[in-house]
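Residues 8 to 277 (the working numbering) are what the first sequence spells out, left to right. Worksheet: the structure to be examined is printed underneath.
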Amino acid sequence: MTQFSIATFNANSIRARLDQILDWLAREQVDVLCVQETKVQDPDFPRDPIEAAGYNVVYAGQKAHAGVATISKTVPTLTQAGFDDGVDAPRLLYTRIAGLNIVNTYVPQGRELDHSEFQHKLTWFRQFREWLEARFTPADPVVWLGDLNVAPADIDLYDPVGLRNHVDFHPDAQAALEHVRAWGLVDVFRQHHPDEPNQYTYFDYRARNPIERNIGWRIDHVWATPPLAAVSTRAWIDLDARRVDRPSDHTFLVTTFDLNDARSLPRLSS
DNA sequence: ATGGTGGCACCGCCA
Numbered sequence: 008m009t010q011f012s013i014a015t016f017n018a019n020s021i022r023a024r025l026d027q028i029l030d031w032l033a034r035e036q037v038d039v040l041c042v043q044e045t046k047v048q049d050p051d052f053p054r055d056p057i058e059a060a061g062y063n064v065v066y067a068g069q070k071a072h073a074g075v076a077t078i079s080k081t082v083p084t085l086t087q088a089g090f091d092d093g094v095d096a097p098r099l100l101y102t103r104i105a106g107l108n109i110v111n112t113y114v115p116q117g118r119e120l121d122h123s124e125f126q127h128k129l130t131w132f133r134q135f136r137e138w139l140e141a142r143f144t145p146a147d148p149v150v151w152l153g154d155l156n157v158a159p160a161d162i163d164l165y166d167p168v169g170l171r172n173h174v175d176f177h178p179d180a181q182a183a184l185e186h187v188r189a190w191g192l193v194d195v196f197r198q199h200h201p202d203e204p205n206q207y208t209y210f211d212y213r214a215r216n217p218i219e220r221n222i223g224w225r226i227d228h229v230w231a232t233p234p235l236a237a238v239s240t241r242a243w244i245d246l247d248a249r250r251v252d253r254p255s256d257h258t259f260l261v262t263t264f265d266l267n268d269a270r271s272l273p274r275l276s277s
């Protein structure tokens, strides 16, 4: 049984986390790693060391903020950065790999409820659903993953009461994310871990010992269309990859799929 | 604890 593994990681600067990423790839041997917050403009992207490690990489970035990259063992047959208007290029990177439509996104965080960036966040989700609708149907093999900057439910963060009005947990943000889900997506991590608490992908390193004190959020996600979710075999959060000497605040989130079970995967051939 | 740390910019901004 061939397992196809796809991971996501908000690096908060791919140059600062390059050693961590290369070490992790060497150990986990995933087929695809989607990276967010690369924080580097394309001419300065560290593609040589990634290719030297035996991986292909495509990327769309800008100076200092946002930016996405998709690292893969095989070369994507299709690549597109950003929405069609080209305005949001550093937040969305679409690739087609092994017949799967892989959408790597870094959703706007939103800053504060009364900030225009929060409206941008809500608009972004609506725009993203339209982007999906224009290209795919829920019968296609589509996987959407990345830093989605929303904890979908109370179980997905450490203090659902105190953080009710946080931009990553506000009902408006949850509804905007739900609007995308309702197009036809399944939370693959939750599918494998229903009702399991304390499964977090983000630990704010402004708090002291956030992992030990469980100060976490599940805001990074892997969502898939039903036929693809149906052949997912596992999903897990890799807390061990965190570096003590240079801690990242997000973790690696990994999902595997059994692509040999292709009966339910129409249009899988690339 | 309305702080805290970390990254990259440039001497503040963003998360």
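Even glycine gets a Cβ: it sits at the ideal position worked out from N, Cα and C.
- Inspect the CB distances between the region 212-223 and the region 134-145 and report whether three or more fall short of 8 Å. When Cβ pairs closer than 8 Å are counted between the two stretches, the region 212-223 is seen not to touch the region 134-145, the count staying below three.
- Between R140 and G89, what straight-line distance do the alpha-carbon atoms span, to the nearest angstrom? Checking the sequence shown, residue 140 turns out to be Glu, not Arg. If you draw a straight line from the Cα of E140 to the Cα of G89, it is about 15 Å long.
- Message: Considering just the uninterrupted stretch of the beta strand (DSSP E) at V157, what are its terminal residues?
- Response: Run containing V157: none; DSSP gives neither H nor E here.
- Task: May I ask you to report which of helix, strand or coil DSSP gives A242?
- Result: Here A242 sits in strand by DSSP.
- Query: Does the beta-carbon distance from V42 to N17 come in below 9 Å?
  - Reply: Yes, the pair counts as a contact, with Cβ atoms nearer than the cut-off.
- Query: Which of the three DSSP states, helix, strand or coil, is assigned to G191?
  - Reply: Reduced to three states, the DSSP call for G191 is helix.
- Item | Beta-carbon contacts of Y66 that lie in its chain and below 6 Å, excluding the five residues immediately before and after | Cβ within range, chain order: F52 and A76.
- Can you tell me which of the three DSSP states R24 falls into? Three-state result, R24: coil.
- Query: If you pair each beta-carbon of the region 200-211 with each one of the region 141-153, do three or more pairs fall below 8 Å?
  - Reply: They do not touch, by the three-pair rule.
- Unbroken beta strand (DSSP E) runs of length 3 or more, entirely within the region 36-67: which are they? If we require 3 residues or more, the beta strand (DSSP E) runs fully inside the region 36-67 come out as 39-43 and 63-67.
- Message: Considering Cα atoms alone, identify which of L155, V47 and F143 is closest to W131.
- Response: Of the candidates L155, V47 and F143, the one whose C-alpha sits nearest the C-alpha of W131 is L155.
- Where does A71 fall in DSSP's three states? Looking at A71 - three-state DSSP - the assignment turns out to be coil, as it is neither helix nor strand.
- Would you list, in sequence order, the uninterrupted alpha helix (DSSP H) runs of no fewer than 4 residues that lie entirely inside the region 116-188? Scanning the region 116-188 from its first residue to its last, the whole alpha helix (DSSP H) runs of 4-plus residues come out as 123-142.
- Query: Who are the near neighbours of P56 in its chain, counting only those whose CB is closer than 8 Å to its CB and skipping five residues on each side?
  - Reply: The beta carbon of P56 sits closer than 8 Å to those of L25 and L29, all from its chain and outside the five residues before and after it, given in chain order.
- Query: Over what stretch of residues does the beta strand (DSSP E) that includes L100 continue unbroken?
  - Reply: First-last of the beta strand (DSSP E) with L100: L99 to I104.
- With respect to the alpha helix (DSSP H) encompassing A236, which residues constitute its N-terminal and C-terminal limits? Counting along the chain, the unbroken alpha helix (DSSP H) around A236 starts and ends at P233 to A236.
- Message: If you measure between the beta carbons of T263 and S12, is that distance less than 9 Å?
- Response: Judged by beta-carbon spacing, S12 lies within the 9 Å limit of T263, meaning their Cβ atoms are closer than that value.
- Query: According to DSSP, is L266 helix, strand or coil?
  - Reply: DSSP places L266 outside both helix and strand once states are collapsed to three, so it counts as coil.
- Query: Exposed or buried, which one is S255 when buried takes at least 16 other CB atoms within 10 Å?
  - Reply: S255 should be labelled buried.
- If you draw a straight line from the C-alpha of N267 to the C-alpha of V82, how long is it? Whole-angstrom Cα-Cα distance: 20 Å.
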